[in-house]
Amino acid sequence: MFDMTPNILRNFFHKSSTRLYPKETRQAFGNARGELYNEIEACIFCRTCARKCPSQCITVDTKEATWQCDPFVCVYCGVCVENCPKKCLHQKNDYRKPVTDKEIIFMKGETKKKKCEGDPQET
Amino acid sequence: MARTIIPFGPQHQVFPEPIHLKLVLEDEIVKEVVPALGYVHRGLEMLADVRDFHQMIQICERVCGICSTIHAQCYCQGIEELMGIEIPDRARFLRVIWAEIHRVQSHLLWLGLFADAFGFESLFMQCWKIREKIMDINEATGGNRVNPSINIIGGVKRDMNPDMAQWVLTQLDLVEKEVNHLEKVLLNDYTVKKRTVGKGVLTREKAMELGAVGPTLRGSGVEQDIRQIGYAAYGELAHRPVVGIDGDAYSRNRVRFLETLQAIALVREAVSKLPAGDISVKVKGKPEGEVVTRVEQPRGELMYYIKGNGGKNLDRLRIRTPTFANIPPLLSMLPGIELADVPVIVLSIDPCISCTER
Amino acid sequence: MDILKKLTRKSRIKSPWLLHFDCGSCNGCDIEVLACLTPVYDIERFGIINVGNPKHADLLLVTGTVNHRNKKVLVNLAEQMPEPKIVVALGSCGLSGGVFREAYNVIGGVDKIIPVDVYVPGCPPKPEAIIDGVVTGLEKFSKKKDG
Amino acid sequence: MIKGIIMVFIGVFVAPLLGGLIAGVDRRLTAWFQSRYGPPVWQPFFDVIKLFGKERMVVNRWLVFCAHVYITAAMLSVVLFFLQSDLLLILFVQAVGAIFLVIGALSTTSPYSQLGANRELIQILTYEPLIILAFVGIYLVTGSFRISEILVQTKPLLVSLPLLYIALCYALTIKLRKSPFDFSTSHHAHQELVKGFLTEYSGPYLALVEIGHWYEVVLILGLCSLFWATSWIGIIALVGVTYFCEILIDNVTARLTWRWMLGYVWPMGLAMGFVNLIWLHGR
Amino acid sequence: MKEVISTTKGTVVSKTVDMKKDGYRFVTMSCVELDADTVDILYHFDRDLHLKHLRLTIQKKEAVPSVSLVYFAAFLVENEIQDQFGIRFDGLVLDYERTLYLEKEAPDAPYCRISVSRDVKSGED
Amino acid sequence: MLNTILFVLILGPFIAGALCFIIRSGHVRSFIVLAMGCLIATASIILFIKGPFSHTPPPLLGIPTHFLVLWGDDLLLFVMLYFAFKHGHLFTKILIIFQIVCLDYFELFMVDHTENFPLFFADNLSLIMVLIISIVGSLICVFAIPYMNKHEEHQGLKKSRQPKFFAFLVVIIGAMNGLVLSNNIIFMYMFFEITTLGSFMLISHDQNETAINNAVRALWMNCVAGAAFIIAMIWAYVIQGTVDAQKLIQAGHMGGIMLTPLALLCFAAMVKAAQIPFQSWLLGAMVAPTPTSALLHSSTMVKAGVYIALRFAPGYAGTFLSQSLAVSGAFAFLATSAMAIRESNGKKVLAYSTIGNLGLIFACAGINTPEAITAGILLIIFHAFSKALLFLCVGDIEQHIGSRDIEVMRGLYARMPRTTLIAVLGIVTMMLPPFGVLLSKWMAIEAASKHLFVILPLAVGSAMMVVYWARWAGILLSAPHGLKVEPEKQGLLTRFPLLVLVWGAVVLSLCAPLVYSKLVVPILSAPSFSIRAGIFENPTGTFLFYPVMLILALGFIYAVYAAKKARKARLSGPYLCGAQTTDPESFEGPMKKPVAVLSGAIYFESIFGNQKLTVWVNIFGGMLLALLVGGSL
Ligand code: SF4
Ligand code: SF4
Ligand code: SF4
Ligand code: SF4
Ligand code: SF4
Ligand code: SF4
Ligand code: SF4
Ligand code: SF4
């Protein structure tokens with residue numbers, strides 16, 4: 357009986373393990389997969405990210421040079437980032453903040469003059 | 034005798050997940066129970082029609098958030114078998130490491146929820162407090178607390194450098210120490226025993242007949258663990274299934290408790306034996322043919338049936354999760370018990386509805 | 017009178033009781049909600065208690081995708097919560113259906129069924145994000161009219 | 070007379086504040102035991118004020134009626150306590166409240182509420198005899214059921230009634246709805262009956278019930294304090310230690326079942342009480 | 478997949494009984510759509526970590542004898558197949574009548590999709 | 068004047084009974100019953116106002132009274148013997164023949180019929196009893212008029228059995244009045260036996276197998292009581308040479324030799340009051356139509372037992388007999404409370420509760436201090452009203468819903484709001500302060516505090532009592548949500564007794580201090596409480612009767628007001644885990660079938676329902692009774 361007592365008393369005589377977020381925050385882990393962002397200047401609108409995304413939340417318009425992502429659909433898996441040929445797509449270590457209204461990440465870059473080899477429409 | 038008919042769930046405090054039980058009680062003794070499912074059914078096996086077989090990894094991870102890594106591992110293992118891919122040794126060991134870390138996480142989570150089911154709030158808190166260290170390991174190594182997402186077809190995505198491995202081991206040491214503090218509580222405490230011993234007895238024969246798996250099966254004294262097949266690197270690591278005897282909630286509790294410690298030991302061993310080399314091989318081609326592949330997940334045997342047709346979309350992906358197999362045994366345990374023991378017994382199979390219904 | 021009203025408002029922000037409904041989530045989000053209750057995050061600091069009963073709750077946390085079966089439950093629960101109340105949707109599944117949104121039994125996000133006040137993205141959102149979401153919701157509370 | 074009025078005032082207004090504060094401290098301490106930071110100590114007041122501001126929602130108007138009767142009775146019992154009245158009378162008045170609370174819960178068609186109410190009745194069944202025995206013990210020592218007579222004692226009651234004090238602590242634990250006895254309802258409600266017999270009380274009516282509970286907590290801690298009523302230090306020490314132990318027990322035990330309670334606590338408590346009584350009788 | 482034994486509607490129950498007699502544990506069943514009219518139902522069994530399967534190929538319209546009387550555990554997966562493929566099982570011990578997972582609003586027999594989607598898609602591959 | 072009143076009170080009912088039996092017209096019968104009710108109620112009040120007396124009436128029709136009694140008794144016993152033969156019950160036959168022999172020998176050869184003493188004697192205790200019997204009893208008879216019509220309708224009887232039924236119903240009232248007013252114990256014995264026969268006839272009324280079995284059981288158990296009584300009587304006569312009850316009581320003070328007859332009397336009383344292990348006859352009586360149960364339980368029959376115990380209490384004060392009486396009473400209280408807790412048959416709950424309360428009164432008689440006697444007498448008064456009320460309510464409910472099962476009464480408020488409210492009020496008066504029953508219980512507990520073996524069962528038993536009453540009250544009220552309730556129709560003859568009883572119960576409770584100081588104090592050897600401003604006080608404790616009542620009443624009124632105001636509140640269905648369908652009382656179950664929720668109370672079947680437990684309880688109860696009689700030998 358009362359076998360929990362030592363644990364409880366240990367807790368009682370130690371500082372609580374609560375991290376007083378938001379007063380007290382912790383540096384995110386370097387590997388953490390957080391919010392997506394695209395260095396749009398470097399993006400070539402190749403649509404690889406859009407194709408590889410398991411959640412199909414990226415829309416790339418090569419002609420208009422727009423890159424958009426629905427952060428409400430994205431599962432922050434990082435597949436797009438891993439597959440981006442230009443390594444322009446990144447994930448911050450911090451998560452995306454909650455919001456009260458729907459939103460879409462929309463980015464517009466410059467239309468690249470030189471088209472990439474291969475047909476982006478394929479597969 | 035006055036009958037009481039109550040809906041237990043879909044939204045119910047003691048079940049983190051929606052499941053519905055129609056309970057017929059007399060004097061708070063369960064006379065009849067009929068389950069209703071479908072509250073978390075998404076139909077994700079069908080997503081294979083619209084996602085290619087690589088993308089399905091992320092979907093499989095989300096069959097269930099508690100053992101996401103292991104789902105992905107099982108899936109990748111199946112595809113690799115179909116395509117005849119030999120993954121590098123290092124990848125095999127890394128898979129074991131992450132899988133066992135996941136097991137620790139899952140078992141601690143369960144120990145907490147189990148404690149909660151019999152109203153031991155501080156024990157719940159304690160288990161989950163310990164578990165946070167594992168969550169940190171997940172995030173630090175895999176990038177996410179819940180879905181580390183490290184498996185890919187042909188190996189693993191991320192490596193674990195020696196520093197990282199060392200850090201993981203020290204964290205696990207801390208976890209082990211704290212878990213050991215709980216041993217007496219979980220296995221000896223009067224009130225815990227009162228609530229678990231002799232509750233929901235599943236005999237060895239019944240367990241086999243009803244197709245129980247995992248700790249539910251082992252709690253009834255059957256020494257069966259899919260890891261014995263030796264998939265991934267398990268063949269090269271020392272482990273023996275933990276078994277209980279009585280087949281009651283207490284026995285299952287004990288099995289999971291000991292498995293937590295066993296998993297930590299396995300991680301240690303795997304890290305110490307971690308071979309050098311690549312972590313993945315390149316994958317060419319498309320899967321074709323059918324395969325049944327199994328791994329041992331925290332809740333028991335997980336089985337994937339995969340049928341490919343040589344295209345990028347699979348013909349059929351079928352996932353048989355451990356809880357799916359443990360529901361019939363559960364139904365046999367419920368009649369005749371007290372209402373207060375319903376959550377305890379339901380929790381004692383460590384139910385995961387999200388993967389049951391997919 | 018005014019001071020009473022102010023006090024009520026303040027108390028409302030200080031004591032949001034929580035109801036969590038798992039609406040077809042993969043558990044990832046659920047366990048993060050539960051993790052919020054546990055020592056490291058301890059949302060009881062904000063006066064939050066997981067009451068598990070819509071009749072006592074002020075804050076409905078919904079995780080997971082809505083399907084044809086659980087949508088009724090969702091509506092029932094929201095209905096049984098006395099005003100004022102806040103609905104917080106968690107995780108990509110709760111926001112839009114996430115990876116599953118094309119599955120045949122998925123209707124989509126929570127807001128297709130009941131009005132949502134706060135959206136917390138992530139798969140799953142970290143406990144910190146959930147806390148942020150709740151705090152954002154509380155700000156909305158002060159704007160809601162009395163029940 | 071003036072003293073009487075002051076006592077009534079304390080009973081009506083100070084007691085619930087004290088009760089709320091105790092609940093707050095309780096939650097804070099519980100949090101510390103669980104390695105958490107915990108809510109502010111005045112959290113219970115926020116809760117109650119908030120509840121008063123919620124929409125009125127009822128399943129049944131009997132519930133409203135019963136909640137009001139409950140708080141009246143709870144208040145009256147505390148007032149009677151501070152007026153140093155008859156212990157049995159206090160218990161009976163308190164029982165009016167407790168029973169109406171149960172009747173209110175029973176008056177709904179909600180199965181959870183009904184089951185909770187039935188369990189609450191079992192709890193009443195368990196603690197009432199223990200409390201009566203404790204009172205009888207007091208009577209055997211002081212020759213009266215009146216509190217005023219206890220206060221003139223020179224020797225703490227605890228000395229002659231140690232076992233009955235333990236029996237009373239059982240009652241206290243049950244009344245506080247602490248583990249292992251939190252089965253009719255529980256504060257954090259991770260239990261099979263959700264909120265048990267409080268399931269259907271909501272908004273302002275729940276607030277009433279909550280305040281009523283504070284009154285009851287003060288009452289029952291007051292009863293405990295009688296066992297060392299010879300000095301203020303004694304009262305504070307006894308009540309403090311008792312309450313601390315209650316929280317500790319709450320945190321080191323699982324919730325058990327009412328069958329266990331009837332089969333174990335009852336015989337134990339009654340036997341302890343009885344032995345103590347026999348011993349008193351023999352003197 | 479090794480050790481796949483073909484069965485027919487007539488023999489599937491008796492073969493399952495044999496499995497049980499041999500001490501096999503019922504793992505699960507998998508249903509795969511083959512073409513617009515036929516499906517494969519695979520019965521998976523395990524003994525000491527060794528898998529064995531039965532394969533039953535049937536017409537979608539046909540009713541299949543349930544093995545839930547042999548292995549109670551089969552009732553769940555048979556109900557699931559009823560829901561997902563619209564195939565009927567005769568003699569289910571607990572028949573959810575195709576309401577195990579799906580509501581009316583959901584698509585009927587969603588896993589039978591070859592006639593609709595796969596035809597269109599196969600052109601792409 | 069006194070002669071007339073006594074005639075009305077005692078013989079009036081007999082005449083009315085005879086008329087009922089002879090004139091087989093429903094209307095005339097109703098008239099007779101009503102008239103008799105009014106008459107004896109009035110007569111009892113007049114008698115009450117006149118106050119205590121002792122009196123010997125002139126011989127009736129010139130025949131010496133003792134002859135009448137002898138013939139009456141013999142007739143009675145032979146009728147009983149006839150039934151014993153008819154139903155072939157050997158034990159009863161033996162008992163009755165034994166009684167006939169004893170009685171005749173006693174009357175013819177032993178008793179000195181020239182002894183001069185008042186045949187009738189009344190102190191406040193008797194007067195209170197007369198009041199209760201006459202008023203409550205008459206109300207029950209009135210209630211029986213419409214009830215029995217319906218009852219026979221339900222049963223589809225061709226030939227009405229009502230004449231006999233009403234005949235015995237009213238006769239019992241007369242017999243009870245006779246019993247409580249007699250000072251000659253031979254008289255007492257006769258009336259005692261009349262109630263036995265009456266109850267037998269009433270219980271067997273329905274003439275089906277259970278009814279007859281139960282009636283036979285009642286007969287033999289009551290014959291045991293009769294036999295004990297007669298032995299006690301003869302024994303006492305042998306010792307004291309008198310049949311004057313008052314003398315016997317005083318003689319009790321003197322020496323231990325009187326103890327045995329008194330013990331036998333107490334034993335007879337306890338059997339009559341269905342104390343453990345003889346509880347089964349009263350429970351069996353529940354098969355009879357409700358007015359029977361009400362009459363047997365609340366005001367008559369069983370009260371005959373406690374009356375005798377209280378009447379003779381001064382005779383055995385301070386003896387071992389007194390102690391063991393207290394213990395066995397308290398044990399009966401505990402055991403029946405435990406039995407009631409597992410019962411869902413409403414009438415049985417009432418029956419157990421009655422036995423329990425009688426046990427409590429015995430316990431009070433046994434404790435035998437002024438406080439305890441006060442408690443006992445008050446309990447008789449308040450219990451009579453509340454219990455009669457509850458019986459009639461159950462009867463009325465049963466006729467409407469066709470069941471006496473508490474579970475079937477779930478949500479009755481929606482169907483029969485009037486009766487339900489009255490019933491709930493009745494329940495509340497049975498268990499909560501500031502109503503009289505609880506006041507008496509408070510006194511009883513304070514009085515019993517020094518008696519460890521009394522207080523322990525009392526404490527546990529009263530907690531159990533609270534459980535079954537509260538459970539029942541709640542169940543009655545558990546109406547489905549959002550329902551418009553229409554008051555149901557109640558016939559005048561149904562409504563009138565209910566209203567009189569409920570007001571009686573409430574108003575009497577309100578007047579408790581008055582009742583105490585005016586009625587009870589004169590009987591006591593010393594006043595047990597001082598009363599100031601409605602506060603009962605003695606060295607042991609204080610009961611702030613009026614203050615508590617006032618504040619609770621205010622709270623009540625405010626609560627009613629608040630509940631009225633809540634009309635505006637939003638209606639919401641019960642919490643069903645979110646699974647409710649469009650009907651808020653049912654949920655969507657497996658296979659999408661709507662399932663109506665059902666709540667059943669907890670009846671502790673596994674704990675108190677144990678057959679073995681009952682056996683042990685009976686054995687233990689029997690041992691206590693044996694102790695009671697044997698210990699005083
Ligand atoms: S893959 Fe990279 S480069 Fe290509 S579109 Fe996406 S972000 Fe731009
Ligand atoms: S992180 Fe994953 S889900 Fe999000 S956009 Fe990239 S690939 Fe898609
Ligand atoms: S070929 Fe062009 S479109 Fe295709 S991946 Fe490379 S850069 Fe992108
Ligand atoms: S059993 Fe299934 S749902 Fe549960 S944690 Fe494992 S994979 Fe997830
Ligand atoms: S958002 Fe992600 S973690 Fe949450 S339920 Fe959905 S898939 Fe699971
Ligand atoms: S993908 Fe998003 S919504 Fe889905 S489980 Fe993950 S976090 Fe939740
Ligand atoms: S009773 Fe419950 S809510 Fe109150 S402090 Fe304790 S645990 Fe917290
Ligand atoms: S319901 Fe009542 S009146 Fe009708 S037959 Fe039965 S006992 Fe008689």
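Chains as they are written, first to last, in our numbering: chain G, 357 to 479; chain H, 34 to 391; chain W, 17 to 163; chain Y, 70 to 352; chain S, 478 to 602; chain C, 68 to 700. Built from N, CA and C at the ideal position, the CB exists for glycine as well.
Report the neighbours of residue i on chain W: residues whose CB is nearer than 7 Å to its CB, in chain order.
| i | result |
| --- | --- |
| G/R407 | Residues of chain W passing the Cβ test: none, with the nearest at roughly 15 Å. |
| Y/S104 | P55 |
When the cut-off is 8 Å and only beta carbons count, does residue i lie next to chain W?
| i | result |
| --- | --- |
| C/S653 | no |
| C/Q34 | Any question about residue 34 of chain C goes unanswered here, given that chain C covers just 68 to 700. |
| H/K190 | no |
| G/V435 | no |
Any chance the CB of residue i is under 7 Å from a heavy atom of ligand 2?
| i | result |
| --- | --- |
| G/L392 | yes |
| G/C413 | yes |
Strictly under 8 Å for the Cβ-Cβ distance: is residue i near chain H by that measure?
| i | result |
| --- | --- |
| Y/S154 | no |
| G/D475 | Because G/D475 sits at a pLDDT of 49, beneath the cut-off of 50, its placement in the model cannot be relied upon, and the following sentence gives the value as read from the coordinates. Chain H, which has no Cβ nearer than 8 Å to the Cβ of G/D475, makes this no. |
| C/A151 | no |
| S/F503 | yes |
Using a threshold of 7 Å, is the CB atom of residue i nearer than that to any non-hydrogen atom of ligand 5?
| i | result |
| --- | --- |
| W/V115 | yes |
With a threshold of 8 Å between beta-carbons, can residue i be considered close to chain C, or not?
| i | result |
| --- | --- |
| S/T576 | yes |
Residue i touches chain W at which residues, Cβ-Cβ below 8 Å?
| i | result |
| --- | --- |
| C/Y642 | N69, P70, K71 and Q96 |
Considering only heavy atoms of ligand 1, does any lie closer than 7 Å to the CB of residue i?
| i | result |
| --- | --- |
| G/L445 | yes |
| W/Y159 | A small correction: the amino acid at residue 159 of chain W is Lys; Tyr does not occupy that position in the sequence shown. Checking the Cβ of W/K159 against ligand 1 gives no. |
| G/V416 | yes |
| G/T404 | yes |
So residue i contacts chain G; which residues on that side make the cut at Cβ distance below 7 Å?
| i | result |
| --- | --- |
| W/C139 | V431 and Y432 |
Mind listing the chain S neighbours of residue i? Cutoff is C-beta to C-beta under 8 Å, in chain order.
| i | result |
| --- | --- |
| H/G394 | Look at the range of chain H in this structure, 34 to 391, and you will see that residue 394 of chain H is not part of it. |
Got a sec: is the Cβ-Cβ distance from residue i to anything in chain B below 8 Å?
| i | result |
| --- | --- |
| H/P68 | In the displayed structure, chain B is absent; the protein chains listed are G, H, W, Y, S and C. |
*Segments assigned alpha helix (DSSP H), at least 4 residues, entirely inside the region 249 to 324 of chain H*: 282 to 306
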